[in-house]
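Asker:
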Amino acid sequence: MGPLSNQIAYRPYELKKMFDINAGKNDSVVTDLVFRFVTMVSATDVLAVRSCMEVEAVWLNLLGELHHIPVAPVGLLPPSAHEDNDSKDSSWDTISDWLDKKEKESVVYLAFGSEVRPSQEDFNELALGLEQSRLPFFWAIRNLSVDGNGDSIELPAGFEERTKGRGIVWSGWAPQSKILGHESVGGIVTHCGWSSVIEALQLGRALIMLPFIADQGLNARLLEEKQIGVEIPRNKEDGSFTRDSVAQTLKLAMKDAKGQIYRDKAKEMTTIIGNMELQHRYVDKFVEFLENHMMKITKESDN
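Residues are numbered in my numbering as their position in the sequence shown, beginning at 1, plus a constant of 1482.
(1) By DSSP, does residue 1629 sit in helix, in strand, or in coil?
(2) In this structure, does DSSP put residue 1598 in helix, strand or coil?
(3) Work out the CA separation of residue 1572 and residue 1579 for me, nearest whole Å.
(4) Count the other C-beta atoms from every protein chain shown that fall within 10 angstroms of the C-beta of residue 1621, then say buried if there are 16 or more, exposed otherwise.
(5) Is the region 1671-1683 in contact with the region 1518-1530, if contact means three or more CB pairs nearer than 8 angstroms?
(6) For residue 1605 and residue 1780, I'd like the C-alpha separation in whole angstroms.
(7) Nearest to residue 1437 by CA position, among 1549, 1555, 1616, is which residue?
(8) Residues bridged to residue 1586 by DSSP?
(9) Taking 8 angstroms as the cut-off, does the region 1679-1686 touch the region 1743-1760 (at least 3 CB pairs, one atom from each stretch)?
(10) Helix, strand or coil: which one does DSSP assign to residue 1526?
(11) Can you tell me which residues form a DSSP beta bridge with residue 1649?
(12) Could you tell me the distance, in whole angstroms, from the CA atom of residue 1783 to the CA atom of residue 1773?
(13) On the CB-based measure, 16 or more other CB atoms within 10 Å of its CB, does residue 1585 come out buried or exposed?
(14) Three or more C-beta pairs under 8 angstroms: does that hold for the region 1759-1772 against the region 1546-1565?
(15) In terms of alpha-carbon separation, which member of 1697, 1726, 1776, 1689 lies closest to residue 1742?
(16) Would you check if the region 1695-1708 and the region 1638-1652 touch, i.e. whether three or more CB-CB distances between them fall below 8 angstroms?
(17) Of all the beta strand (DSSP E) runs that stay within the bounds of the region 1635-1710, which reach a length of 3 or more residues?
(18) Just verifying my parser: in three-state terms, what is the DSSP assignment at residue 1552?
(19) Can you tell me the Cβ-Cβ gap for residue 1714 and residue 1748, rounded? I've got them flagged as a contact below 8 angstroms.
(20) Taking the beta carbon of residue 1658 as the centre, do at least 16 other beta carbons fall within 10 Å, making it buried, or is it exposed?
(21) Please report the straight-line C-alpha distance between residue 1618 and residue 1590, rounded to a whole angstrom.
(22) Please classify residue 1639 as buried or exposed, where buried requires at least 16 other C-beta atoms within 10 Å of its C-beta.
(23) Which value, in whole angstroms, describes the spacing of the CA atoms of residue 1660 and residue 1666?
(24) For residue 1645, does the count of other Cβ atoms within 10 angstroms reach 16, so buried, or fall short, so exposed?
(25) Spatial neighbours of residue 1736 within its chain, please: C-beta separation below 7 angstroms, excluding the five flanking residues on both sides.
(26) Please classify residue 1533 as buried or exposed, where buried requires at least 16 other C-beta atoms within 10 Å of its C-beta.
(27) Taking the alpha helix (DSSP H) that residue 1763 belongs to, which residues open and close that run?
(28) Are the Cβ atoms of residue 1647 and residue 1729 separated by less than 7 angstroms?
(29) With burial defined as no fewer than 16 other Cβ atoms inside 10 Å of the residue's Cβ, what is the status of residue 1596: buried or exposed?
(30) Out of 1602, 1720, 1583, which has the shortest C-alpha to C-alpha gap to residue 1636?
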């Protein structure tokens, strides 16, 4: 097994946030989650993981060593090209018309899924950093609320007017696969949910990473170590970030010469994630493993 990195770890603000959030709801939530995971693993014959050896062999091997059970990567399960191909989607006509007018790989796409709840302060800094970067952008916002309390998040005063023509703020659902697949899109500002990462890298898009919850921070650190993406710097103690760091990271990932390595590495990932034959082999091997395992159990029970 290769050397392990000490950079792939939760940061102080992430740990504090996990415990603070859960403490407000139920003091025992974190303990319960850990207990359930340990109990589950102790009674498990195999761990199936949505990953592949080409991406994180060292960590998959370590997982097996720690728990003393087989770890079966089932592949990255990238979406098929036709999964987001609804010809009746009228919103796509509007979006594609706008994207068609932009230069190749010049647009940065922003999306944080349905569960991330940035604070108003984070939202402001992100918006103002995006404005400061001067990059063309398409920002999909799914009716986010501040801290989940139902209060709507507001864009900084005058933001849309100042960025008119250069960017679009799209309220509601957006066809992410189609947007990422458009040739004018060069990168994505992502929360580092694993599905979004896979979808973006399947198409070779640069990653500008801003993780918020759960495993997102670890995903970001793994990808940054491999120079596949760039994480927007945060204060390690309180998790705050500035508009300047947002603008600098965006420009680094999208157009600066120093960021070429990240763009190249992201494109290289298409040979792994976009290789459907490779990914399907992982599924086939997992099915074969399950069939053999069931035969073994049946044989043992008969004896």
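A virtual CB, placed ideally from N, CA and C, is assigned to each residue, including glycine.
Answerer: Straight from the coordinates:
(1) Residue confidence for residue 1629 is low, a pLDDT of 47 falling below 50, so the modelled location carries little weight; the figure read from the coordinates is stated next. Residue 1629: helix per DSSP, three-state reduction.
(2) coil
(3) 11 angstroms
(4) buried
(5) no
(6) 55 angstroms
(7) The displayed coordinates of the chain run from 1483 to 1785. Any statement about residue 1437 would go beyond what the structure contains.
(8) Note: residue 1586 sits in no beta bridge, so no partner.
(9) yes
(10) coil
(11) 1619, 1646
(12) 15 angstroms
(13) exposed
(14) yes
(15) 1689
(16) no
(17) 1649-1653, 1667-1672, 1688-1691
(18) coil
(19) About 16 angstroms; that fails the 8 angstroms criterion.
(20) buried
(21) 6 angstroms
(22) exposed
(23) 11 angstroms
(24) buried
(25) 1590, 1617, 1668, 1669, 1688
(26) buried
(27) 1758-1784
(28) no
(29) exposed
(30) 1602
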